[in-house]
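Residue numbers (our numbering), protein chains in the order written: chain Z, 17 to 218; chain G, 4 to 154.
See the structure below:
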């Protein structure tokens with residue numbers, strides 16, 4: 017008698033799908049990919065700002081997830097676990113890219129004493145009166161103009177809710193550097209968000 | 004800590020309660036500090052409310068097929084590596100190397116002994132009696148066979 021319980025993949029909870037996938041059920045894994053693929057890709061894109069790289073890294077994250085699925089104990093949600101994997105892969109990718117790229121001007125600014133410290137506050141509320149979609153477009157454009165070091169700190173702090181210490185550990189730098197980069201990134205964002213004209217976003 | 008970074012740390016709840024009270028007091032007296040705090044807070048709030056959304060353009064099946072292809076490739080590669088060099092072979096490789104060198108050294112030592120004397124030393128010494136003598140220099144012994152049937 018076959019006692020195996022058939023899963024209705026589309027209606028099953030993540031935990032149920034994970035358990036099935038841990039036993040080698042590829043259809044359950046496919047359902048997990050379908051549910052979380054946009055979030056995983058979005059996080060990769062927010063850090064890498066390159067569509068091809070983001071697709072590649074997001075797929076690699078799913079491969080890693082399949083290979084390490086037996087290690088997933090359910091201490092966090094599956095989505096959080098996946099996000100951690102993709103963030104680590106993005107950080108590796110950024111380190112690789114950094115080796116073949118000249119240091120950004122912004123990084124030099126930061127190291128030379130931090131021009132952001134002297135920037136006056138022009139508008140303490142740079143996003144006032146903006147509709148959600150316009151604000152989203154402005155934020156996206158502004159993120160694209162930050163150096164990867166500043167963007168990464170901002171993404172990890174604001175979107176992933178990581179504390180200074182956790183960011184420093186992941187990025188392999190000091191807490192002071194995290195604070196300085198975050199400060200610069202926020203001030204630069206404030207300036208950019210206030211300065212974009214509507215037509216630039218279209 | 005720099006005073007501007009303290010304001011930021013205050014916003015992010017990264018200060019002790021004593022430090023936080025000091026920063027709050029400073030912002031009450033310093034308009035620039037207070038404006039900076041408001042700017043940082045506005046950016047934080049904006050990012051929390053309007054994170055950009057990016058969606059994959061590839062169809063679900065195509066995207067997943069590529070993942071499966073990568074998984075298969077990784078598993079095939081891992082299997083290939085397992086077949087090529089089994090762990091036990093990697094483990095015994097140094098021992099086997101030492102054993103081979105020792106065997107070669109032993110054989111060389113053996114061939115260095117005058118084995119050519121073996122033929123010289125073996126043979127009928129006294130044809131009339133039918134006795135055969137074998138003498139080994141290496142082992143320091145002499146053996147004599149006597150054929151009792153020979154007349």
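The beta carbon of each residue, even a glycine, is placed where N, CA and C say it ideally should be.
Between residue 175/Z and residue 62/Z, the gap from beta carbon to beta carbon is short of 8 Å. When DSSP states are grouped into helix, strand and coil, residue 96/Z belongs to the helix group.
One alpha carbon belongs to residue 102/Z, the other to residue 60/Z, and they sit about 7 Å apart.
Residue nearest to residue 135/Z within the set 203/Z, 170/Z, 145/Z is 203/Z (criterion: CA-CA distance).
In this structure residue 30/Z touches residue 94/Z by the C-beta definition: roughly 5 Å separates them, less than 8 Å. The beta carbon of residue 174/Z falls within 8 Å of a beta carbon belonging to chain G, placing the residue at that interface. Annotation note: the stretch 46-86 of chain Z contains the following uninterrupted alpha helix (DSSP H) runs of length 4 or greater, listed N- to C-terminal: 67-84.
In the assembly as shown, residue 163/Z is a buried residue. Its beta-carbon has 16 or more other beta-carbons within 10 Å. Residue 55/G sits away from residue 183/Z, with the two beta carbons spaced by 8 Å or more. If you look at residue 169/Z, you'll find it in the alpha helix (DSSP H) that goes 164-170. Secondary structure of residue 23/Z (DSSP, three-state): coil.
Between residue 44/Z and residue 37/Z, the gap from beta carbon to beta carbon is short of 8 Å. Taking a Cβ-Cβ threshold of 9 Å, the residues of chain G close to residue 148/Z are 52, 53, in chain order. Listed as beta-bridge partners of residue 190/Z by DSSP are no residues whatsoever. By the C-beta criterion, the stretch 46-54 of chain Z is judged to be in contact with the stretch 55-70 of chain G, since at least 3 inter-stretch pairs fall below 8 Å. Residue 7/G and residue 13/G have their C-alpha atoms some 10 Å from each other. Residues of the stretch 66-94 of chain G with a C-beta atom less than 8 Å from some C-beta of chain Z are 66, 67, 69, 70, 71, 73, 74, 77, listed in chain order. In the DSSP assignment, residue 28/Z falls outside any alpha helix (DSSP H) and carries neither an H nor an E. Any Cβ of chain G closer than 8 Å to the Cβ of residue 143/Z would place that residue at the interface, and such an atom is present. Under the 8 Å criterion on CB atoms, residue 165/Z is classed as non-interfacial with respect to chain G. The beta carbon of residue 29/G sits no closer than 8 Å to any beta carbon of chain Z. Each of 86/Z, 211/Z, 180/Z was checked against the Cα of residue 199/Z, and the nearest Cα belongs to 180/Z. Not a single C-beta of chain G is nearer than 8 Å to the C-beta of residue 103/Z. When DSSP states are grouped into helix, strand and coil, residue 137/Z belongs to the coil group. With a beta-carbon spacing of about 21 Å, residue 45/G and residue 168/Z fall beyond the 8 Å limit used to define contacts. Here residue 207/Z carries a helix assignment [DSSP, helix/strand/coil].
Residues of chain Z with a Cβ closer than 8 Å to the Cβ of residue 47/G are, in chain order, 174, 202.
Beyond the five residues adjoining it in sequence on each side, residue 82/Z comes within less than 7 Å, by CB distance, of 45 in the same chain, given in chain order. Our two residues, residue 40/G and residue 151/Z, have alpha carbons roughly 20 Å apart in a direct line. Put simply, of 193/Z, 194/Z, 149/Z, 211/Z the residue whose alpha carbon is nearest the alpha carbon of residue 50/G is 149/Z.
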